[in-house]
Structures are given as C-alpha cells and as structure tokens.
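Residue numbers (our numbering), protein chains in the order written: chain A, 1262 to 1544; chain B, 10 to 242.
This is the structure we're talking about:
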C-alpha cells in the first residue's frame, strides 16, 4: 500500500500539467452539475415556500358555539395530514379583511363575515388529492357551512412542481452522465500515459491488483480535489449572484457538501477502476 | 523447464505465426532461436512468458500450463523468469537503481532487502558505479545491462531474451553476450532470439532455427534440418 501511495503521488509529480488538467476537468464537470443542483434546490425551496401557503378554510354556520368550534378545530388538528388549525372568530375575520383589503374597509360590517377554522397541512399532504380528501372530510362536520381551498391554484402549483421535479431529474441525470463520461475519458488519458509503466510492471510479475492500486488512489485523490475546486467555484458563483443580482439564494448544506465530495471521490475511484480494468483486459 | 507441445499460434490480422512447434528447454541450458524476421522467434518467446496463449497445443513453464494458467499465476510465474528486450524497456524517468528496484517492489519484496539486492544485480552486470544514472545518461549497451540486471534481480531460473543485442554496436554486443554467457554459467537457463549469426557460430550452444513459423532445425535433435529444403519455401 505504501508503494501504491508513493506511485500515486509520483504520478502527480511526474505529469503535473496532466494531473492539473484532469483535476480541473473533474472540477468543471462537477461544477456544471453543482450549479444545476444549486438551481434545482433553490427552485424547490421557492416552491416549498409557496406550498406552505396551501390552506383549507372551513366556514362555520352562524350561531355555532365557541366550544363546538374549538372542539372541531382540535379534532381536525388530529388528522394525519394536518399540521395545525387556527380558529378565526367573526371579529377576527372582519379585522383581517379590513387589513388585507384596505380600500374596501368601509364595505365590511360587523357580523357579515363568518367565523372559520383555518387548516394548515403537513408537507407531503399539500397535493390536490390530499387537500381535496381533507376538505371533504371537514365538510361532513354539521356546522361547517362551506370549505374553500383554491382548488385550481393548488392543481396548477402541483403541476408546476411535477414539471420542475421531472426536468430536474432528467437534467440532473444528463449532467451526471456527461460528468462521468468526461471524467472517465480524462482518467483513461492518464492510464494511457502510463501504459509503458503498466507493461513493465506486468512483465516483472506484478498482479493486476498491484497495477490497479496506485490508479485507484490517484483517481480518488483527483476526485476529492476536483470536488473541492468545484465546490469553491459553485460558492463563488452563488456569492456573485447574490451580490450583483440581489438574489437571496440558499447554498448546499453540510450534508449536500459531503455528498458532493464523496460523489467526486467515488467517480474518481470507479472511473479509474473502469479505465485501468479496461486497459488491463486489452494487454 | 520450458516445454512446447505441438504449439501453433494464429493472430487474427496476420495469420499463422507459429506452426506445430515442439521443443523443450532444459534446466541450465543455453539455446539460440534463429531465423529471419517474421520466422516466429518472438512469438515463441511471447508464448514462453505467457504474453500470448497458443491457438493449438500447450506450453508448460515450470509446471504451469498455458491451458489453465490464471492471470495471477502468470504474474507469479513471471517473477521466476527474466525477460529482456531489444528496446530495453526501461522507465526513462527513473535511475538505473530505481528501474531494478521496481522489479522487486512490484512483487512486494521487503524494503530492507531491496537495496542490497539491487546493488548486487547492478554489480553483476558491471554497472555498480552508475546506479544513480538515468537511462538517457547511459549508452545502449549500458541500458541493456540495466535491463538484464532488472531481469536477474529476482534470481530467475530462465532468462528469455528477444534480440537483446539488436540495437547495439559490435563492442556492446560482445559485452552483453558475454554477460549472458556468464549468467548461464552460474546456472540460469537462457533462451535467446537473435539473427546475429556471428554470435551463434562463435559458440556451440544449441540452436533452434525457424522459418515461416516452423522449427526447421534443432541441433538438440539430429543436428540436421527437421524439414527438407524444398519444404522450407
């Protein structure tokens, strides 16, 4: 193993330009993928922000006692899909309407607007079908007069989310495939550059495992280095966007950073394993 | 030692390179493989160190059969063979010492044993004073000596040499050939392909002559051509 490490470091020293080029190729491939990832998580974040506003409003028949409304609100809050409920009295409804629709404040008179139970849904239960199911269930409560949830808006939002998700997966796979192909070709170049050394190793009795080892270590190191450089580029790109476009973007959390670096290392490792394995089959 | 049983080798692009070759190289023996270019000398050597496998027949080297040997077995077998080429096949970016040490490192020799064995091997080929030199700083003859030292450092039972003097001037040729004779005198068998007939005539070593992929003459057998002259064309 000591010799494998020494040979891997020797390969870096022996062909510094090729090593730097291959690290940069890995870095740019991962950078393109990371930029896409950054856009994807920001879109997802924005959509989640909009989704949080998905809400069901159950209007209560006039004359229903406060205790009955509170009991119904507690019962609804126990539904698996429900995150929480808020009881809005007639007075609060009037105050809210006057606040939100300032220019019509004089139109609203006391007692015109009904009391309601506002129902917030858990993430994952904000799709049209779940919202419809919860709304139908609430509608069966005897003193619930009407249930509103902006069905059309929720359907459109859900469609947008599905399109964004599918596009994200397709583009992500395409970017990842391109990254793997480019990285594979780069590593193959480094293997070919050392074809003579491999030939001599085999002639003096090196096993395939011994020949492979330094390449795997080299691929792993290049993958990690490429990942770090790609991360730095992505951070710079995000910071530049935030600064000049005044765009409040979110960056990868530590879990995604670790995932990205591990991904780079694995691509380097398996790319090398594949390239050197293929070469050994041919010689 | 090395045994060929009715071995033929056919390459997809160039066709039959070796036809029905049968011979045996004994322990400690020195044998020349001679014949014109394309006669099949290098094919025999490639089969002897299992770089190629026969299309028909069987090669056995130190009990390992070409029909059954795995890649790992071949790697381990090569540790007991010394292989020398016309073009030396040295690593240009490493010193003579590092080139020889390389053959020990790749087979996992203990670190403390490498330096003395490298010194001994380079001393044996007369390059004890040029251990730190890089191949580009050495003459052709000296480079071939480094390659021979690399082949010797694992104490092989046989040295397989493919035109080892092909790139050398006459003086260097004599020196390298004498070195191979000394190695043989110390008990290592040598199978050497050459088309330098001066070398062959200068000694009474066994000669296996080849032509068009066939063994046509083997002094170990009858001392006469194994094929009639009209069959050679």
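For glycine and all other residues, C-beta sits at the position ideal for the given N, C-alpha and C.
Identified DSSP bridge partners for residue i
i              : result
residue 220/B  : 223/B
residue 20/B   : 24/B
residue 12/B   : 33/B and 69/B
residue 1407/A : 1320/A
residue 1449/A : The partner list for residue 1449/A (beta bridge, DSSP) is empty, contrary to what the question assumes.
residue 215/B  : 40/B
Sequence-distant residues of its chain with Cβ nearer than 6 Å to residue i (five each side left out)
i              : result
residue 1536/A : 1448, 1449 and 1452
residue 1462/A : 1472
residue 28/B   : 17, 222 and 223
residue 236/B  : Any answer about residue 236/B is weak, because its pLDDT of 46 lies below 50 and its placement is not dependable; what the coordinates show is given next. Result list for residue 236/B: 225, in chain order.
residue 1538/A : none
residue 1506/A : none
residue 1444/A : 1287, 1290, 1528 and 1532
residue 1474/A : 1265
residue 1410/A : 1317, 1392 and 1396
residue 144/B  : 99, 101 and 152
residue 1301/A : 1429
residue 1494/A : 1292
residue 1557/A : No answer is possible for residue 1557/A: the residues shown for chain A start at 1262 and end at 1544.
residue 65/B   : 17
Contacting residues, own chain, Cβ-Cβ under 7 Å from residue i (five flanking each side not counted)
i              : result
residue 1277/A : none
residue 240/B  : Confidence at residue 240/B is low in this model, with a pLDDT of 44, below 50, so the placement of that residue should be treated as unreliable; the coordinate-derived value is given next. Closer than 7 Å at Cβ, skipping near neighbours: no residue.
residue 96/B   : 176
residue 92/B   : 58, 160 and 169
residue 238/B  : Residue placement at residue 238/B is flagged as unreliable, the pLDDT there being 43, under the threshold of 50; the coordinate-derived value follows with that caveat. Contacts found: none.
residue 1342/A : 1382, 1383, 1386, 1391 and 1395
residue 130/B  : 109, 158, 161 and 162
residue 1329/A : 1404
Residue span of the alpha helix (DSSP H) that contains residue i, given as start and end
i              : result
residue 151/B  : 149 to 161
residue 1462/A : 1456 to 1464
residue 202/B  : Element bounds for residue 202/B: not the alpha helix (DSSP H) but the beta strand (DSSP E), 198 to 202.
residue 1517/A : 1515 to 1543
residue 5/B    : A query on residue 5/B cannot be resolved here, the shown segment of chain B reaching from 10 to 242 and no further.
residue 207/B  : 206 to 211
residue 1275/A : 1263 to 1275
residue 127/B  : 120 to 133
Boundaries (first-last residue) of the beta strand (DSSP E) holding residue i
i              : result
residue 171/B  : 167 to 171
residue 1482/A : Here residue 1482/A belongs to no beta strand (DSSP E); instead the alpha helix (DSSP H) covers 1469 to 1506.
Close Cβ partners of residue i (< 8 Å) along its chain, the five nearest in sequence each way excluded
i              : result
residue 1503/A : 1509 and 1510
Original post:
What residue ranges within the stretch 1357 to 1404 of chain A form continuous alpha helix (DSSP H) runs of no fewer than 4 residues, ordered along the chain?
Top reply: 1389 to 1400
Original post:
Where are the beta strand (DSSP E) runs, 3 residues long or more, that stay fully inside the stretch 24 to 110 of chain B, in chain order?
Top reply: 24 to 34, 39 to 43, 65 to 70 and 90 to 94
**OP:** Taking only runs that begin and end inside the stretch 1300 to 1359 of chain A, name each unbroken alpha helix (DSSP H) of 4 or more residues, in chain order.
**Re:** 1327 to 1338
Subject >> Segment contact flag, the stretch 114 to 133 of chain B with the stretch 1465 to 1482 of chain A, C-beta cutoff 8 Å, min 3 pairs >> reply: yes
Original post:
Any chance the stretch 145 to 155 of chain B sits against the stretch 182 to 198 of chain B, with 3 or more Cβ pairs inside 8 Å?
Top reply: yes
Original post:
Looking at C-beta atoms only, is the number of pairs between the stretch 1508 to 1525 of chain A and the stretch 1483 to 1493 of chain A that lie closer than 8 Å three or more?
Top reply: yes
Original post:
Are at least three pairs of beta-carbons, each pair with one atom in the stretch 1389 to 1408 of chain A and one in the stretch 1352 to 1364 of chain A, less than 8 Å apart?
Top reply: no
Original post:
Does the pairing of the stretch 55 to 63 of chain B with the stretch 1431 to 1439 of chain A give three or more beta-carbon distances under 8 Å?
Top reply: no
**OP:** Go through the stretch 1414 to 1441 of chain A residue by residue and report every complete run of the alpha helix (DSSP H) that reaches 4 residues or more, in order.
**Re:** none
Original post:
Per the contact definition of three or more C-beta pairs closer than 8 Å, is the stretch 197 to 210 of chain B in contact with the stretch 33 to 45 of chain B?
Top reply: yes
Subject >> the stretch 1400 to 1418 of chain A contacting the stretch 1311 to 1325 of chain A, beta-carbon criterion three pairs below 8 Å >> reply: yes
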